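K.L.:
Just so you know, the sequences run in chain order A and B. Position one of the first sequence corresponds to residue -9 (my numbering), numbered consecutively onward. Position one of the second sequence corresponds to residue 221 (my numbering), numbered consecutively onward.
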Amino acid sequence: MAQTLLYFFVAKLIYFSRGKNNMKEKKRTYILAAILVAVACTVITTRLHFDHYNELLPGESLWRLTYSIKVENAPKGSKVNIAFPQSTSRAQIIKETFVRSGWAIDIVSHSRNKNREATAIVIAENSNIDFTAQFDIQMDAKKQFTPEQKKLAVEMRAMYLSEKNGILLNHPTIKILAKKIKQDAKIKREIAEKVFNYCSEKIDKGDADESDDVLPTLKTKKGSCIGIARTMVSLCRVLKIPSRLITGFIIEPKYGLKPHSWVELYIEKTWIPYDPYFGYQEATPHNYLPVTYGKPDIVKVSKTENWKIQFFIERIQDSYVPTKSLMTITDLTRMGIGTRTILSIILLLPLAALITIVFRNIIGIQTFGTFSPCLLALSFVYADWRTGLLTIALVFAIGLLLRTLLKNLKLLVIARLGVMLSIVVLCMVLSVSILDYFQLTPGENAVLLPIVVITMLIESFHVTWEEDGVRYALKLSLNTLIVAMCCYLIISWQYLGYLAIVFPEGQLFIIAGMLLIGRYAGYRLTEWLRFRDLIKE
Amino acid sequence: MWKKMWIPSQLKAAGVLGINARNLFINQVNKREFYPRVDNKVLSKSICQELNIPVPKTYMVMTKLVDIESFAQTVAPHQEFVIKPARGAGGRGIVVIAQHNNSEYTTPGGEVYSYEALRYHIATILSGLYSLGGHKDEVIIEQRIRPHTIFGDLAVSGTPDIRVIVFKYQPIMAMLRLPTRASRGRANLHQGAVGVGVNIQTGETSGGVYKGKSIRNHPDTNYSLQGIAIQHWPLILDIATRLSEKIELGYLGVDIVLDIQEGPLVLEANARPGLAIQIANNSGLLRLLKLER
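1. Pick helix, strand or coil for residue 471 of chain B, following the three-state DSSP scheme.
2. If we define contact as Cβ-Cβ less than 8 Å, is residue 335 of chain B a contact residue for chain A?
3. At least one CB of chain A closer than 8 Å to the CB of residue 434 of chain B: is that the case?
4. Note down, in chain order, each residue of its chain lying with its Cβ closer than 8 Å to the Cβ of residue 382 of chain A, except the 5 sequence neighbours on either side.
5. Rounded to whole angstroms, what's the CA-CA distance from residue 345 of chain A to residue 455 of chain A? Just pull it up for me.
6. Please check if any C-beta of chain B sits within less than 8 Å of the C-beta of residue 310 of chain A.
7. Would you call residue 411 of chain B buried or exposed, if buried means 16 or more other Cβ atoms sit within 10 Å of its Cβ?
8. Since residue 347 of chain B meets chain A, which of its residues come closer than 8 Å, beta carbon to beta carbon?
9. Quick check: the Cα distance between residue 454 of chain B and residue 494 of chain B, rounded to an integer number of angstroms?
10. Looking at the unbroken alpha helix (DSSP H) that takes in residue 108 of chain A, where does it start and where does it end?
11. Determine the direct distance from the alpha carbon of residue 485 of chain B to that of residue 330 of chain B, and round the result to whole angstroms.
12. Any idea if residue 240 of chain B is buried or exposed, counting beta-carbon neighbours within 10 angstroms, 16 or more meaning buried?
13. Can you tell me whether DSSP reads residue 246 of chain A as helix, strand or coil?
14. If I'm right that residue 514 of chain A touches residue 353 of chain A with Cβ under 8 Å, what's the distance once you round it to whole angstroms?
15. Taking all protein chains shown into account, decide if residue 483 of chain A is buried (16 or more other Cβ within 10 angstroms of its Cβ) or exposed.
16. What does a CB cutoff of less than 6 Å around residue 246 of chain B pick up in its chain, not counting 5 residues either side in sequence?
17. Report back the beta-carbon spacing between residue 478 of chain B and residue 446 of chain B to the nearest angstrom; my notes put them in contact at under 8 Å.
18. Counting only the same chain and skipping the five closest in sequence on each side, list residues whose C-beta sits under 7 Å from that of residue 46 of chain A.
19. Looking at residue 521 of chain A and residue 231 of chain B, is the spacing between their C-beta atoms short of 8 Å?
20. Rounded to whole angstroms, what's the CA-CA distance from residue 340 of chain A to residue 38 of chain A? Just pull it up for me.
21. Give the DSSP-derived three-state secondary structure of residue 9 of chain A in the structure shown.
22. So which residues on chain A does residue 340 of chain B lean against when the C-beta distance must stay under 8 Å?
23. By the three-class DSSP mapping on this structure, what secondary structure does residue 273 of chain A have?
24. Figure out for me which residue from A:363, A:190, A:448 and A:442 has the closest Cα to the Cα of residue 478 of chain A.
25. Using DSSP's beta-bridge definition, name the partner residues of residue 490 of chain B.
26. Specify whether the segment 460 to 480 of chain A and the segment 405 to 415 of chain A touch according to this definition: at least 3 beta carbon pairs, one from each stretch, less than 8 Å apart.
27. Rounded to the nearest angstrom, what separates residue 535 of chain A and residue 400 of chain A at their Cα positions?
28. Determine the closest residue to residue 339 of chain B out of B:361, B:351 and B:353, with distance taken between C-alpha atoms.
29. My output table needs one value for residue 483 of chain A: the three-state DSSP class, helix, strand or coil.
30. Using only alpha-carbon positions, find the residue among A:66, A:126, A:119 and A:105 that is nearest to residue 529 of chain A.
31. Identify, in the order they occur along the chain, each residue of the same chain with its Cβ nearer than 6 Å to the Cβ of residue 33 of chain A, setting aside the five sequence neighbours on each side.
32. Residue 504 of chain B touches chain A at which residues, Cβ-Cβ below 7 Å?
33. How would you call residue 391 of chain B, buried or exposed, if buried means at least 16 neighbouring beta carbons within 10 angstroms?
34. Spell out whether any CB of chain B is found under 8 Å from the CB atom of residue 361 of chain A.
35. Taking one C-beta from the segment 18 to 33 of chain A and one from the segment 248 to 262 of chain A each time, how about it: are there three or more such pairs within less than 8 Å?
36. Quick check: the segment 69 to 81 of chain A against the segment 286 to 295 of chain A, are at least 3 beta-carbon pairs closer than 8 Å?
Here it is as structure tokens:
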């Protein structure tokens, strides 16, 4: 794909190099823009090709897994079943935190057959539940994998050979297939290997939309990870190998984390893991974290369909291991959460600036200050936009009032600006405290950004009011706000923030865009209106 | 057919110069090194004086706060004067005084400034509040121009001026700017003055533009804006041409006032003249610029 883009831009270059001599700057700009786009595409393709962020650095790392469960209008008595992740020899759960808003649920904990679960019962009618569970996981890639050795009690053995929870045993298809796969293998391990080979090679890997059930998977030769895992469990159980379905998470930086399912077989008094989906035989990578055994649901809500669950995973501490390759420098996701937050703020600035430039040069909307709208937008992102807007409006109003009063003191300009800055700081701090009192806490990063911007805005507003009239000053304020909101709507898109960190070379696209706008000689949208009288019929 | 209805093509066909095109084109024809000759009015004035082009008399130039001490003395003998930021743009920061008694200074519009207030305003200008780029500035105290009689009732509380756009040392378009009550006596379109189109050859006026809309009569006095013949027109064109040759900028706006006694005087020159002149003249600049695309 990078190659086709490269050819496209080379073609464009040739077209433009045919221009006249005085198009020198235009040509140069287009060439530079083309180079930036080509470089960005190349880096992105290389990055994706090496699947760099699927490789974990060896050594210890600290992660946070978050469940976010939202239920709307839950009827009284409905049950919310949550399965919690389990520690392994290579991944330890070191901390668990639960945050729930709304006191309408009661948590009843219990654990049975190796699952760690909690059941929450809704006690008030029609409640909206917002439940967040966070698990801090310490992983050590260097630790050896030790499979679980356990004596299997008779009832347990029976359970792991039974037909339940979607495992199919008494169907002719399964029985015939099992016999065919086994052929004349006698040792359990050998049989297991044959089943594994069948499931991992002969069945196509589909995404989560594919079938979770055994028969459709076998029929279409395609299944989801649950479908393929269940197929393997079914085949093993038919062949009298106790086996179980495990559902859990693969711990790696990923947006839109979804659970994954794999299998464990009981052979020679040991539970041995297999993943027919990704092709791991007799051992799974250290970052496989099991959550439930048997049922593939991590969260289940009864009596209602209005519920949503999301999973998030992020690294929360820097790795101690020194970098391996040069490409690691361009992998920003490896850094701790504090650094990443600041970086994602900075990385969104160019996009916000581009939007402001589009508004100015292509649409033709005048604002106070060239880039103050995009700085305002950034502060809305890190506060909730409602509280951010409220704070800024409040501070602006108080600041303007005091500025008007300050006029009477006839201070020197630089001293007046200093006083305004100090007033704005005090107002910001007060607003944050007030909002916190009413439990509307804005994010702490929000407060820092707009202080200087707001001071300059108040000054510009005042001067414009005096020189050009209050109507024009209000018009510019409104324009500034509109552009700020548009910037906000785009940069608050969570997925964009994620992309900015994973693909920092994406900024080159933005720079290329700015270069092109810099040569844009067309009419601004507002000029359509302004010069309409000049158009002759 | 759709192409005909597409407004930008229609604008281009009408020869309208848009602001993006103007900015790109100005980068080509105006060399950055010559900008201070127009951005700093003190420099512009000395260039005019070199060419024997009349300018309003400078009573004083203040460069530092301590100069304010001699302000009262300097203006004492003159009932009328103008306080101007040397690096201001768009008429900002300009205060015109029509009469005073050394402690109270009155503008043509009737606003009264105390001596302290005027000192404070000067200090503000020096700090750079009105200057392009916000840098420290200088203050010019100069002669106030009395408008020529031909403007009579069209000059409402201020002095009209004539802007001539000069391209590659040739005048191509001109506009008469009339102050209004809304503009508080200032001849700046952006602040509410009226822009009247002027025939570049004959110096005769046609319709006008006020707050973005086309008009035929002055908004305050209702006098007709048609058919006024501007006195000394060939001299005005000559002044604009000679000044642009000396300043060496390819695209220039020259602002000239007509004084009752002294005739045409140059107020200032502008490296980025606005585009409303096209609306005032009901004609686009593109064709006149013979731009190479």
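Don't be surprised by glycine CBs; every beta carbon is placed ideally from N, CA and C. Owing to the predicted nature of the structure, the values given are computational and were not obtained by experimental measurement.
P.N.:
The short version:
1. strand
2. no
3. yes
4. 366, 369, 440 and 444
5. Approximately 27 Å between the Cα atoms of the pair.
6. Reliability fails at residue 310 of chain A, whose pLDDT of 42 lies under 50, so the model's placement of it is uncertain and no value is given.
7. Under this definition residue 411 of chain B is a buried residue.
8. Residues of chain A passing the Cβ test: 402, 403 and 404.
9. 23 Å
10. Unbroken run through residue 108 of chain A is the beta strand (DSSP E), 105 to 112; no alpha helix (DSSP H).
11. 26 Å
12. buried
13. strand
14. 6 Å
15. exposed
16. 471
17. The C-beta distance from residue 478 of chain B to residue 446 of chain B rounds to 19 Å, too long to meet the 8 Å contact threshold.
18. Residue confidence for residue 46 of chain A is low, a pLDDT of 45 falling below 50, so the modelled location carries little weight and cannot support an answer.
19. yes
20. Between residue 340 of chain A and residue 38 of chain A, the alpha-carbon positions lie close to 23 Å from each other.
21. Note that residue 9 of chain A has pLDDT 48, beneath the 50 cutoff, so the model's placement of it is unreliable and no number is given.
22. 400
23. Three-state DSSP puts residue 273 of chain A in coil, outside helix and strand.
24. A:363
25. Looking at the DSSP assignment, residue 490 of chain B forms a beta bridge with B:473.
26. At 8 Å Cβ cutoff, the stretches do not touch.
27. Coverage of chain A is limited to positions -9 through 527, which leaves residue 535 of chain A absent and any answer about it impossible.
28. B:361
29. coil
30. No answer is possible for residue 529 of chain A: it lies beyond the span of chain A, which begins at -9 and ends at 527.
31. Here residue 33 of chain A has 495 as same chain residues with Cβ atoms under 6 Å from its own Cβ, once five neighbours each way along the sequence are excluded.
32. 524
33. buried
34. No - not a single Cβ of chain B is within 8 Å of the one on residue 361 of chain A.
35. Not touching, per the Cβ criterion.
36. As far as the Cβ criterion goes, the segment 286 to 295 of chain A touches the segment 69 to 81 of chain A, which means the pair count is three or higher.
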